[in-house]
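Worksheet: the structure to be examined is printed underneath.
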Amino acid sequence: MTVLQAHPDRAVVHHHHGGTRHIRLRIQAPALEGARLRSPMNLAFVLDRSGSMGGERIALARGATLEALDRLTDTDRFAVVSYSGSVTVDVPSSPASLALRGQARARVGQIQADGSTDLAAGWLTGCREVAQSLEPGQVARCLLFTDGQANQGETRPDVLAAHAAALRARGVATSTFGIGLGFDEVLLQRIADQGGGNARFIESSADFRRLVDAELRDTLDVVLKGTVLRITVPIEGTVEAIGPWSLRQQGRDWDLSLGDLSSEETLELVLRVFVPGGALGSETTFGLSLFDQTGELEGGAATVSFRREVHAVNIAQPRDREVDQLVAERHAARTRAEAVRLNRQGDFAGAERMLNAVADRIARYAGDNPVLVSLIEALRAEATEHARPMTEVRSKRQWQKSSSELRGKDAEGTSKRRRD
Amino acid sequence: MKLTDLAAAADTTPRTIRYYIAQGLLPPPAGAGPTANYTDEHLRCLALIRQLQAAHLPLAEIRSRIEAGGGPAPPVVAAPSAGDSALDYLNAVLPNLNSPIQSPRAAPPAPPLPAAQQRRSTWERHCFGADVELHIRRPLSREDARRVDALLDEARRLFVKESP
């Protein structure tokens, strides 16, 4: 059964002014019981074969694709698309029979690097291969392997992100794999976020097998498709998610789209809510309920109530230290990702200032919590590091780590499971 | 009806219904997530599945009988319109990649709101610190919503990310 737990950092607000509070949510997806319950997969592997992918990188992309092919079974479908300045459908969407996978291995081995990078055309052609054979019950996903930046055709990040979101809403998700050090991590992260998938960083041949395994494990084990958290907010209340999730409001209901959840996946996220003031001693409640594509989930409902009190009671109330810790970690992760972006743009002072500022804020409520004290020290050290240009590999690692943490995943972008 | 209502009416569990949908025995509901809606046809289809299961038929055989129309008509659910499918979306977008995505197929039209809701509006209050707030009255036009989203992103960048 799905589990939803919700805890606020503080349970009291000022009766007249109201106040901003954080809510920690812990969502536990149910277990996939038995291989027979696994949904069939419908995948497209999209390989960047632009000139910069020459040598080891195209070999990594080919290797990742071959690795993934070995994980498929007869009930799955797959396609292989490669692109540079033009797009080639190397293997049209086909059943993943042993024979066809064997033929595909030979085709993938022949993909060579040359030309420019029309990422949009290649990626969307891969999605079309998936869409052509899309059926209810499938887990449909496009896996994009690239080392570069979109430099031909449609290159606007907003438009590419909008395509990803539109396709996700129509049942085709996208995960991205950045290879080497030259890719645009901000663009690939946006496509993955909007596309309901993961963004991963393949630094060397030592990484790709593990990361492809992790991606397929997440894809194979999907138990809740198109998960949505509905937050019912009191009149005059507001809600914001600390992370990349977008909220859509309909009256008092705010829907937070969480995408697909895997077997026993544990997702922790933080909501920042504004609790409106009201009559002294009264309570106001935020309702939380989880849905997947089929409807409301058993066990997926919770409420969080806040009491309105006078100033002295509000000030004296205890804080939930575990919630504080998660809130601090998520704010730190968001700031770290932003600091990497600023450092890359040459705004070293801005990156340094931002990291020190978040450390200052956490210090106000950290007390003697050793985890938070350690986090503050780390942020200050990183602030010094950001005062000068960072190496490309350090930037990429920092971005991957902080982006993943912000999304409640492990350092490599893989979902956390109960048994982990 | 909701999933839980369907499960109660069919004397089964939501989990079983999800399994039947995943296995292609039962069509998905109209809508998804909070708007998922099941009909009496789903109920009839569940009854048929139970009947065939009582005859000890395997699920694969049950599926093929349902597909072959060997029982009551399959449940009728509101299928997405042509423009709602991923394939139609891509067929519209791919030939014209340099165009902004303003094609009619780019997004399904929102259903018209009831008259009462059309007149309603809601103020959103976004706090960016002790002394800085933004107030926005929704609904907004799509163009204004985009501008406001950009404004909020910028405000978050300036204020929120510095304040845990």
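These protein sequence lines are chains A and B, in that order. Residues 2 to 421 in the numbering used here are what the first sequence lists, from first letter to last. Residues 315 to 478 in the numbering used here are what the second sequence lists, from first letter to last. The beta-carbon is built from N, C-alpha and C at its ideal position, and this holds for glycine as well.
DSSP three-state assignment for residue i, whether helix, strand or coil
i	result
Phe349 of chain A	helix
Pro31 of chain A	coil
Tyr352 of chain B	coil
Lys328 of chain B	As written in the sequence, residue 328 of chain B is Pro, which differs from the Lys given in the question. Three-state result, Pro328 of chain B: helix.
Lys226 of chain A	strand
Arg322 of chain A	helix
Pro96 of chain A	strand
Val446 of chain B	coil
Leu407 of chain A	helix
Phe184 of chain A	coil
Gly138 of chain A	coil
His387 of chain A	coil
Asp361 of chain A	helix
Arg452 of chain B	strand
Thr336 of chain A	helix
Arg157 of chain A	coil
Ser85 of chain A	coil
Asp319 of chain B	helix
Arg50 of chain A	coil
Arg72 of chain A	coil
Gly127 of chain A	helix
Glu375 of chain B	helix
Amino acids of chain B, ordered along the chain, whose beta-carbon sits closer than 8 Å to that of residue i
i	result
Leu248 of chain A	Result: empty, since nearest Cβ-Cβ is about 10 Å, beyond 8 Å.
Cys128 of chain A	Ala400 and Leu404
Leu221 of chain A	None at all; the shortest Cβ gap to chain B is about 13 Å.
Leu168 of chain A	Ala400, Tyr403 and Leu404
Ala350 of chain A	Ordered by position in chain B, no residue passes the 8 Å Cβ test against Ala350 of chain A, which lies about 14 Å from the chain.
Phe178 of chain A	Here the premise fails: no neighbours, minimum Cβ distance about 21 Å.
Exposed unless 16 or more other CB atoms sit within 10 angstroms - verdict on residue i
i	result
Thr304 of chain A	exposed
Gln111 of chain A	exposed
Met2 of chain A	exposed
Glu406 of chain A	buried
Arg456 of chain B	exposed
Glu284 of chain A	exposed
Thr295 of chain A	buried
Glu136 of chain A	exposed
Gly227 of chain A	buried
Arg335 of chain A	buried
His18 of chain A	exposed
Ile363 of chain B	buried
Gln401 of chain A	buried
Per DSSP, cross-strand counterpart(s) of residue i
i	result
Trp255 of chain A	A:Ile232 and A:Gln250
Cys143 of chain A	A:Ala45 and A:Thr175
Gly20 of chain A	A:Val276
Phe307 of chain A	A:Thr285
Ser290 of chain A	A:Arg231 and A:Ala302
Gln401 of chain A	Answer by DSSP bridge pairing: none, since Gln401 of chain A is not bridged.
Ile59 of chain A	Ile59 of chain A pairs with nothing; no bridge assigned.
Glu25 of chain A	Reading off the sequence, residue 25 of chain A comes out as Arg, not Glu. Looking at the DSSP assignment, Arg25 of chain A forms a beta bridge with A:His8 and A:Val271.
Ile203 of chain A	A:Ile180
Thr239 of chain A	A:Phe275
His15 of chain A	A:Gly19 and A:Glu310
Phe79 of chain A	A:Leu44 and A:Ser95
His440 of chain B	B:Leu448
Ala344 of chain B	B:Asn351
Gly260 of chain A	A:Thr228
Glu266 of chain A	A:Arg418
Listed by chain order, chain B residues near residue i by CB distance under 7 Å
i	result
Glu297 of chain A	Lys316, Leu317 and Thr318
Leu376 of chain A	Those do not exist, as Leu376 of chain A stays about 10 Å from chain B at its closest Cβ, beyond 7 Å.
Phe46 of chain A	The contacting residues do not exist; Phe46 of chain A stays about 17 Å from chain B at best.
Gly227 of chain A	Ala346 and Gly347
Ala231 of chain A	The identity of residue 231 of chain A in the sequence shown is Arg, whereas the question assumes Ala. The answer, in chain order, is Pro348.
Leu1 of chain A	With chain A running from 2 to 421 in the structure shown, residue 1 of chain A is simply not present.
Residue i: contacting residues in chain A (beta-carbon distance under 7 Å)
i	result
Pro409 of chain B	Those do not exist, as Pro409 of chain B stays about 10 Å from chain A at its closest Cβ, beyond 7 Å.
Arg332 of chain B	Thr295
Interface residues of chain A facing residue i [CB-CB closer than 9 Å]
i	result
Ile450 of chain B	Ordered by position in chain A, no residue passes the 9 Å Cβ test against Ile450 of chain B, which lies about 10 Å from the chain.
Arg377 of chain B	The contacting residues do not exist; Arg377 of chain B stays about 11 Å from chain A at best.
Within chain B, partners of residue i - CB distance below 9 Å
i	result
Gly172 of chain A	Ser399 and Ala400
Leu135 of chain A	Ser399, Ala400 and Leu401
Closer than 8 Å at the beta carbon, the chain A residues around residue i
i	result
Arg456 of chain B	Correct list: empty, because the minimum Cβ distance to chain A is about 12 Å.
Please list, in chain order, the residues of the stretch 339-372 of chain B that have any C-beta partner in chain A closer than 8 Å.
Look at the stretch 339-372 of chain B: the residues with a C-beta under 8 Å from a C-beta of chain A are Pro341, Pro342, Pro343, Ala346, Gly347, Pro348, Ala350 and Tyr352.
Between the stretch 194-212 of chain A and chain B, which residues of the former have a C-beta closer than 8 Å to a C-beta of the latter?
Under the 8 Å Cβ criterion, the stretch 194-212 of chain A contributes no residue.
If contact means a Cβ-Cβ distance below 8 Å, which residues of the stretch 84-114 of chain A contact chain B?
none
Members of the stretch 5-29 of chain A that neighbour chain B once the beta carbon cut-off is set at 7 Å:
Thr21
Check distances from the C-beta atoms of the stretch 252-265 of chain A to those of chain B and list, in chain order, the residues that come in under 9 Å.
Cβ contacts with chain B: Gly252, Arg253, Asp254, Asp256 and Ser258.
Taking a cut of 7 Å between CB atoms, which residues from the stretch 60-85 of chain A lie near chain B?
Against chain B - using a Cβ distance shorter than 7 Å - the stretch 60-85 of chain A contributes no residues.
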